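Just below is one structure, and these are the notes that go with it.
Residue numbers (UniProt numbering): 1 to 828.
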């Protein structure tokens, strides 16, 4: 098979069948799929376009799979680029050997490349360089080679004590020779890889409080005396430690088993039987402490941070996706309210299309007369504009406003309903250039109120106008790499917009710019074309817009819908390149294209006809791929399908829920507002959101809450606990009375093993205590008997043999008998 040429900045590399097979094995796909996706991406196609309209070439891959391929190809490309640069730099130094070139070309990670390049990297004047300048390199080489002519290192150093720049001691000479060897060992790629593995396996982070923490860093008190293995530090804790360290409240140190590393390095370099073993052991220890450990410390901390940031970004992206894909509430007039105390509550009445038809201001606090006046005014506004729904922002005075609305429903409009809407980012939007251009004659507060109402009517169209970082669904988003976060969130928005599709005649420029193949300039020109020429009557008219050529049209057309246009197929997901085939399908079904506009009753007969068709035979007759044919048939059955319509709608209320009314075990319905590693926050109608801890999401142990709930989910939960003093509510998704399964890793406690006076072991850290407490409260953990009360049978047999790797710590021990054998050996 021919290789695919992948362009990488200013150079190119051949993406071969072997490279494709490697990625294919990692993703459980075929190499042909990988190569086809790479070719499609290199042709300039967007991921949404490839996902929907190139299924035959990708083997029906979904968007997540295609993005995975894209990211892995980009990673490969970065490695090739860096390898090319390193080869050029070393070659310029005239130090590139065939063996080194082969090693660099074989390297499959950036770490390995940097390890290979380290000895050739330009350096500032080092101790080793100074020693070489003084002429100590021959002695260092002789010591390294174990020169038989050297009977004593001190005597060997004597001949180097006299020099033009002054006399030196033998101690200075040996120290200089040692510095040369320290650099040699510290820059050895294999030595660094050995050290890296041991550091990851044995390393731990030790954290202490600084003096500053005693005054202003109490938020980090859980970490004032904290230690944990690096491989076990969870992502959110890494971010918390970084934040505490940056603020000056915490001091974080990296510690590892350098003794084990020293033995492993000596064995790798065949130095255990060396004539100058003792001298070289000191050299290895110096290399570890001065060169290797500091760089590994930075590298491991950086990698922990990168993984934690990647996780935080993925959490944000998943929550944003679920927020953007909440189902719209179409065809409804809405009274939007932005609550306020001193400045009053801003009102905006929106018609069915989201246009603001009236604004007003009411005050919901003060005397009973003032509240009564506000109630009557709200009822008059809703009656005048025929509104039945109220959207209340969840900011200041939200609950006071909710009480007045509840009284209005009880006394004036019993058919009305209301909903609390997350107003995060509304104030940011109201002062933005987009809002000023959209509502030039309105006050910023009214713009924010309109945004609250539109979030209920069409969440996607409204929320794309706001920077996702201000939507309140992330975790540590201000601590992560801003470029990586923006790229990920832009991908999510692009994915959601193209998944739902866009009405070409009503979409804002903010929405259009995220359509496949488009950008901000083209989106602006489309809105200007509409203002000048009126509505688009067909997709083909897109080509009349300045800047829209054939390539842009191909990428974008299928995602842009036109209702009541001159071409019936323009209202469907069918791409214009498939219109000819679509008309042939209509002929086979004996249906006119206008049947796409038929009523629900007529559509039942269409569905029946489509169900009876031989898809495989028709695919061959029309010479089109089966995936494309299936998409055409799906568009005929459901021409105006909005995928969000399949999701449950929002929960409307008619009365206020108060904290004092809650009792343990009470059943509630709520909407998930945010999902984090330790659980989910849910709006159940209270002033503050309630928490479902991850241990309360299922009757068995789960590690990932994102598998159970998503932002926007409507859930049924039960009250687990109410803290009136702290105004906190904890919920559970486990129905009361349901049996809970213990963790598999725990064995049941035998009553006889635990004396009456025994106490549960105290957790080592505050964080551990929280975990233990939550586990016991949820019934997921059983208390274990104290260690000293467990009786173990004595091992009377011979102790097992240990491998060299076990002795040096490179291979884990398999049980207590091997641990005892190692302990006995070290005591000898």
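All C-beta atoms, glycine included, are put in the ideal place defined by N, C-alpha and C.
Predicted, not measured: the structure shown is a model, and the values here were computed from it.
Rounded to whole angstroms, residue 260 and residue 192 show a C-alpha spacing of 14 angstroms. Spatial neighbours of residue 201 in its own chain (CB-CB distance under 6 angstroms, excluding positions within 5 residues in sequence) are not present. Between the alpha carbons of residue 81 and residue 227 lies a gap of roughly 39 angstroms.
Judged by DSSP secondary structure, residue 392 falls within the beta strand (DSSP E) whose first and last residues are 389-393. Within 10 angstroms of the beta-carbon of residue 248 lie fewer than 16 other beta-carbons, which makes it exposed.
Excluding residues up to 5 positions away in sequence, 31, 34, 35 lie with their Cβ nearer than 7 angstroms to the Cβ of residue 20 in the same chain. Contact annotation, residue 538 with residue 565: C-beta distance approximately 5 angstroms; criterion of less than 8 angstroms satisfied. Following the DSSP letters along the chain, one finds residue 721 inside the beta strand (DSSP E) bounded by residues 714-723. Here residue 639 is buried: its Cβ has 16 or more other Cβ atoms, across all protein chains shown, within 10 Å. Secondary structure at residue 687: coil, using DSSP grouped into helix, strand and coil. Residue 693 is bridged by DSSP to 679.
A residue is called buried once 16 or more other Cβ atoms fall within 10 Å of its Cβ, and residue 400 is buried on that count. Beta-bridge partners assigned by DSSP to residue 420: 392. Annotated as distal: residue 389 and residue 326, with beta-carbon spacing of 8 angstroms or more. The criterion of a C-beta distance shorter than 8 angstroms is not satisfied by residue 407 and residue 455. In the same chain as residue 574, and ignoring 5 residues on each side of it, the C-beta atoms closer than 8 angstroms to its own belong to 558, 582, 631, 632, 635, in chain order. In the structure shown, residue 191 falls within a helical segment according to DSSP collapsed to helix, strand and coil. Secondary structure remark: continuous beta strand (DSSP E) runs of at least 3 residues inside the segment 282-361, in chain order: 334-338, 345-350.
For residue 206, the enclosing beta strand (DSSP E) covers residues 204-209. Here the segment 54-74 makes no contact with the segment 84-100; the two share fewer than three CB pairs at distances below 8 angstroms.
Relative to the Cα of residue 59, the nearest Cα in the group 277, 626, 641 belongs to 626. Taking 3 residues as the shortest admissible run, the segment 207-260 contains the following complete beta strand (DSSP E) segments, listed from N- to C-terminal end: 225-229, 250-255. Going by beta carbons, residue 470 and residue 428 fall inside the 8 angstroms limit. Residue burial is scored here from C-beta neighbours: residue 353 has fewer than 16 other C-beta atoms within 10 angstroms and is therefore classed as exposed.
The three-state reading of DSSP puts residue 184 in helix, counting H, G and I together.
In this structure, residue 705 and residue 719 do not form a Cβ contact; the two beta carbons are roughly 19 angstroms apart against a cut-off of 8 angstroms. DSSP places residue 525 in the helix class (H, G or I) of the three-state scheme.
Per DSSP, the unbroken alpha helix (DSSP H) holding residue 25 starts and ends at 17-27. Distance check between residue 459 and each of 129, 223, 497 places 497 closest, using alpha-carbon atoms only. Note that the segment 672-691 touches the segment 708-717; at least 3 beta-carbon pairs, one per stretch, sit closer than 8 angstroms.
Sequence-distant partners of residue 529 (beyond 5 residues in either direction) whose C-beta falls short of 6 angstroms from its own C-beta, in its chain, are 545.
If you draw a straight line from the Cα of residue 268 to the Cα of residue 100, it is about 19 angstroms long. The shortest C-alpha to C-alpha distance from residue 179 to any of 158, 381, 140 is the one to 140. Cβ-Cβ separation between residue 305 and residue 340: approximately 40 angstroms, too far for a contact (criterion under 8 angstroms).
Burial is judged here by how many other beta carbons sit within 10 angstroms of a residue's own beta carbon; residue 158 has fewer than 16 and is exposed.
In this structure, the CA atom of residue 387 is about 13 angstroms from the CA atom of residue 405.
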